[in-house]
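Here my numbering = 1-based position in the sequence shown + 3.
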Amino acid sequence: MEDKIIVKYEKETYFMLQGVFILSIIGLTWLAIKAYQVAGLDVWPGLIGLAALCYLEIRHFITMGKIITLTPEGCTIKLFCWKKSYTWDQMKTKQWEDYSNSLTRIYQGGVFLSPYREREKFIIYPDKYCLLLSPHPFASVYIFFKVPGEEEIRKKSGKEDIPGYEADEKELREKFTKWGVEMDGV
C-alpha cells in the first residue's frame with residue numbers, strides 16, 4: 004500500500020459547475036451586444052460584468068480543478084500541466100476545522116492547507132475563501148471530511164454543500180500523525 008492520499012474534486016460536479024459558468028458568460032456577452040444594438044446603451048458596463056465573470060471562471064478552474072496528493076514529505080498540487088510540491092515545513096497554514104455548529108453545511112469538518120499565512124479560521128468556509136478571496140487560489144487547498152450517507156442527508160436536510168474535495172477523516176488524522184505533521188485547531 005502506498006503511503007499517500009490523493010484527493011480530487013468530484014468530476015461530475017466540476018464539469019456541471021463549469022458548464023453553468025461558461026453558459027452564463029456566453030449569455031452575458033449576448034445580452035451586452037443586444038443592449039448595445041437594440042437600445043443604443045453603452046456596452047462598457049456589460050463588458051465590465053463579463054470581465055468580472057471571466058475572472059471568477061478562471062478562479063473556479065483553479066480552485067476546483069486541482070489534484071491534491073498528500074505524502075509523508077508534503078503536499079503536491081497539480082492543475083493540468085502545472086505542478087507544485089510543498090514540504091510540510093513550507094506549509095505555514097495547516098488547520099483542522101470543525102463545522103459541526105454550522106446550519107448550512109453538511110460537512111462536519113475538514114483541513115485547510117497553504118504555504119502562506121492565510122485566513123482566520125471560521126470567518127468564511129475554505130471553499131468560498133479559495134474561490135473568492137485567497138490571493139493564492141492555486142496554493143491554498145481544502146479537504147472536507149466525508150460524511151457517511153451523504154446523499155440521503157443532503158436530500159433530507161436541504162443543506163447547500165456541493166460535493167468537492169473529500170477524504171476520510173480517520174485516514175487523514177492517522178496519516179498526519181504517522182507523518183509527524185503538526186496541525187493547528189481541533
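The beta carbon of each residue, even a glycine, is placed where N, CA and C say it ideally should be.
Segment limits, alpha helix (DSSP H) that includes residue i
i: Phe179; result: 172 to 182
Closest residue to residue i among the options (Cα-Cα distance)
i: Gln111; options: Tyr119, Trp99, Arg120; result: Trp99
i: Leu26; options: Pro48, Cys57, Ile9, Tyr89; result: Cys57
i: Ile71; options: Lys11, Lys97, Ile29; result: Lys11
i: Pro75; options: Lys97, Phe83, Gln93, Trp182; result: Trp182
i: Gly113; options: Tyr145, Gln21, Cys78, Gly167; result: Tyr145
i: Phe96; options: Ala170, Thr79, Ala142; result: According to the sequence as given, residue 96 is Thr; it is not Phe. The candidate whose alpha carbon is nearest that of Thr96 is Ala142.
i: Gly77; options: Ile8, Gly52, Phe64, Tyr168; result: Ile8
i: Val150; options: Leu136, Tyr168, Cys133; result: Tyr168
i: Lys178; options: Phe24, Tyr128, Leu73; result: Leu73
i: Thr32; options: Gly22, Pro48, Gly43, Ala42; result: Pro48
i: Pro118; options: Leu34, Thr79, Glu172; result: Thr79
Assigned exposure category for residue i - 16 Cβ within 10 Å defines buried
i: Trp85; result: exposed
i: Lys69; result: buried
i: Thr66; result: buried
i: Phe147; result: buried
i: Phe83; result: exposed
i: Pro138; result: exposed
i: Met19; result: exposed
i: Leu116; result: buried
i: Ile36; result: exposed
i: Trp91; result: buried
i: Leu135; result: exposed
i: Asp130; result: buried
i: Val23; result: exposed
i: Leu34; result: exposed
Residues bridged to residue i (per DSSP)
i: Tyr145; result: Phe115
i: Glu100; result: Gly113
i: Asp187; result: Gln98
i: Glu5; result: Paired residues: none, contrary to the question.
i: Glu169; result: Phe147
Residue i - containing beta strand (DSSP E), residue span
i: Val10; result: 8 to 11
Practice prompt. Can you check the stretch 24 to 97 for any alpha helix (DSSP H) of at least 4 residues that lies completely inside it and give the ranges in chain order?
Written response: 47 to 67
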